[in-house]
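S.K.: Residue numbers (the numbering used here), protein chains in the order written: chain A, 21 to 325; chain B, 914 to 1051.
Backbone N, C-alpha and C define an ideal beta-carbon position, used for all residues, glycine too.
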Amino acid sequence: MKNVINIMDLSVDEIEQLIHCADDIIDNPVKYQDACRHKILATLFFEPSTRTRLSFESAMLSLGGNVLGFSEASSSSASKGESVADTISVVSGYADIIAMRHPKEGAPLVASMHSAVPIINAGDGGHYHPTQTLTDLLTIHHEKGHFDNLTIGLCGDLKFGRTVHSLIGAMSRYPGVKFVLISPEELKLPSFVKQEYIKPRGIEYRQSTSLEDVIGDLDILYMTRVQKERFFNEEDYLRLKDSYILTEDKMKLARNDMCILHPLPRVNEISVAIDSDPRACYFRQAHYGRYVRMALIMKLLGVKV
Amino acid sequence: MNIDSIKNGIVIDHIAAGLGMKLYFLLGLDSLDCSVAIIKNAPSSKMGKKDIIKIDSCTSVNFDVIGYVDPHATVNIIKDSKLAEKKTIAMPETLTNVIKCKNPRCITSVEQELPHIFKLTDRQEKIYRCAYCETKIN
Chain A
21 MKNVINIMDL
31 SVDEIEQLIH
41 CADDIIDNPV
51 KYQDACRHKI
61 LATLFFEPST
71 RTRLSFESAM
81 LSLGGNVLGF
91 SEASSSSASK
101 GESVADTISV
111 VSGYADIIAM
121 RHPKEGAPLV
131 ASMHSAVPII
141 NAGDGGHYHP
151 TQTLTDLLTI
161 HHEKGHFDNL
171 TIGLCGDLKF
181 GRTVHSLIGA
191 MSRYPGVKFV
201 LISPEELKLP
211 SFVKQEYIKP
221 RGIEYRQSTS
231 LEDVIGDLDI
241 LYMTRVQKER
251 FFNEEDYLRL
261 KDSYILTEDK
271 MKLARNDMCI
281 LHPLPRVNEI
291 SVAIDSDPRA
301 CYFRQAHYGR
311 YVRMALIMKL
321 LGVKV
Chain B
914 MNIDSIKNGI
924 VIDHIAAGLG
934 MKLYFLLGLD
944 SLDCSVAIIK
954 NAPSSKMGKK
964 DIIKIDSCTS
974 VNFDVIGYVD
984 PHATVNIIKD
994 SKLAEKKTIA
1004 MPETLTNVIK
1014 CKNPRCITSV
1024 EQELPHIFKL
1034 TDRQEKIYRC
1044 AYCETKIN
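#1: Closest to K179 of chain A by C-alpha separation, out of A:E206, A:N48, A:L74, A:I188, would be which residue?
#2: Let me know the secondary structure DSSP gives S228 of chain A once reduced to three states.
#3: Do you know offhand how far S109 of chain A's Cα is from K935 of chain B's?
#4: In chain order, what residues of the same chain have a beta carbon less than 8 Å from the beta carbon of K270 of chain A, not counting five sequence neighbours either side?
#5: List the residues of chain B whose Cβ lies closer than 9 Å to the Cβ of K124 of chain A, in chain order.
#6: Can you list, in chain order, the residues of its chain with a C-beta nearer than 6 Å to that of Y225 of chain A? Leave out the 5 residues immediately preceding and following it.
#7: When the Cα of L326 of chain A is compared with those of A:K319, A:R313, A:V325, A:G165, which residue comes out closest?
#8: For L74 of chain A, decide whether its Cβ has a neighbour in chain B, counting only Cβ atoms nearer than 7 Å.
#9: May I ask you to report which of helix, strand or coil DSSP gives F976 of chain B?
#10: Taking contact to mean at least 3 C-beta pairs separated by less than 8 Å, is the segment 185-194 of chain A in contact with the segment 917-931 of chain B?
#11: Nearest chain B C-beta to G145 of chain A closer than 7 Å, yes or no?
#12: Curious, which full-length beta strand (DSSP E) runs of at least 3 residues does the segment 38-98 of chain A contain?
#13: Can you give the Cα-Cα distance for M1004 of chain B and K920 of chain B, rounded to whole angstroms?
#14: Using alpha carbons as the reference points, say which of A:H58, A:C56, A:K59, A:E77 lies closest to F65 of chain A.
#15: What residues are listed by DSSP as bridge partners for E998 of chain B?
#16: Check each candidate in A:V197, A:L258, A:I202 and name the one with the smallest Cα separation from T229 of chain A.
#17: Within the segment 149-237 of chain A, note down every full alpha helix (DSSP H) run reaching 4 residues or more, in order along the chain.
#18: With DSSP run on the structure shown, which of helix, strand or coil describes S957 of chain B?
#19: Kindly indicate the opening and closing residues of the beta strand (DSSP E) around D1035 of chain B.
#20: Compare the C-beta of V287 of chain A with all C-beta atoms of chain B and state if any pair is closer than 7 Å.
#21: Run down chain A in chain order and give the residues with a C-beta less than 8 Å from the C-beta of L1033 of chain B.
#22: Can you find a CB in chain B that lies within less than 7 Å of the CB of A190 of chain A?
#23: For A142 of chain A, which three-state DSSP category applies?
#24: May I ask you to report which of helix, strand or coil DSSP gives E125 of chain A?
#25: Straight-line CA distance for L157 of chain A to D33 of chain A?
#26: Does V130 of chain A have its Cβ less than 7 Å from a Cβ in chain B?
#27: List, in order along the chain, the chain A residues whose C-beta lies closer than 9 Å to that of K1015 of chain B?
#28: What does A127 of chain A reach in chain B if we use C-beta pairs closer than 7 Å?
#29: So, is R245 of chain A buried or exposed, given that buried needs 16 or more other C-beta atoms within 10 angstroms?
#30: Once you ignore the five residues that flank K999 of chain B on each side, which residues in its own chain have a CB closer than 6 Å to its CB?
#31: Are V57 of chain A and G89 of chain A touching if we call contact CB-CB under 7 Å?
#32: Could you tell me the boundaries of the beta strand (DSSP E) in which A929 of chain B lies?
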């Protein structure tokens, strides 16, 4: 049985298979509409989420399966002090696969140690969010057609941004990729991410505090939100939250084929005026999330169509 | 300074100077009833200065803890005032319930019954990370 806790749990070949499967689902949705009939997905969300939970539920329903679960810790036994291990031991008897979000880092790993069914990490604090990365990869594949030789700018909260860390890990496995890390000093990419993914592979990267200075060099601009829930100190959050706002003026400096990605939700870091720009891919990106999650659920359940 | 030799017990020698006390507490030697001597900054021809711990009892010690604190330390088991065994120390791949993860966002910060597990992720740099949240031990 396979769990997906970290995007690096999936090999490059497995990711290619998932993208191939997601492509086929997009082209032939009817073929998959009963692929997971009589299967149950449990969505255990100990932390609020709209997009990820709905995307998982939509994915399972689109495969003809069923969904049960909870959308916040207060409506689960966790509010009574039940451990993750106990919750999972019980729920894995009710469902065939579990997607779990938890505010504490490592909680899905604990779940995988006690589960009789596959666990998908749907986000654990500031740690990992592998299905967002699969979504990002499917988007890049559709928008650019390839993963190699891309210059990827990551902008905003690179310190706590789990999607950033996972995307760097995943993209670092493709040849010729370069990273441009754009953040204020306080939210710079942690050294462990560089040590683990960038430096051992000799990947070219540079750091900048100015988006304007580097936007013209990018094939992909991955914007992130400064997340209030990752700060213990509200003062720090307020000081940093408006560090980078992508405006029409800044977009004039970007290439015509640059793609803007954002894991969403957005607050104000991308001006709504940019939504109509063909380079804005973030809403298409959110839609791709459903298809790649369908492919992942099928893979982990061993379902073939 | 003289410390009496021991008849039956354990001598942890060649501990890097300054790490003796850390090893003493991590091994839980403070809870032993027997005599325990810590010699700090003892002269050493190879190391310049070293720490030594002598335990006057045939108690068992966790070699993983010694390997984590100082893999270059040596452990001599003394029986009937003679060297009975010399143990080789290595950095353990996994450390369980020796140290605690200090990341307030780690699942171990709220689930007290979880074992605190750290994994050796870089032998050369001697880096251990929490098995759950991957935070590095400082």
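M.R.: Quick answer:
#1: A:E206
#2: strand
#3: 38 Å
#4: L231, E232, I235
#5: R1018, C1019, I1020, T1021, S1022, V1023, E1024, Y1045, C1046
#6: F199, I218
#7: The requested residue 326 of chain A is not part of the displayed model; chain A covers only 21 to 325.
#8: no
#9: helix
#10: no
#11: yes
#12: 60-65, 86-90
#13: 29 Å
#14: A:E77
#15: B:I990
#16: A:I202
#17: 150-164, 182-191, 231-234
#18: strand
#19: 1030-1035
#20: no
#21: Neighbours of L1033 of chain B on chain A: none; closest Cβ ~14 Å, over 8 Å.
#22: no
#23: strand
#24: strand
#25: 13 Å
#26: yes
#27: Result: empty, since nearest Cβ-Cβ is about 12 Å, beyond 9 Å.
#28: I1020
#29: buried
#30: N989
#31: First, the amino acid is wrong: residue 57 of chain A is Arg here, not Val. No, Cβ-Cβ distance for R57 of chain A and G89 of chain A is not below 7 Å.
#32: 922-929
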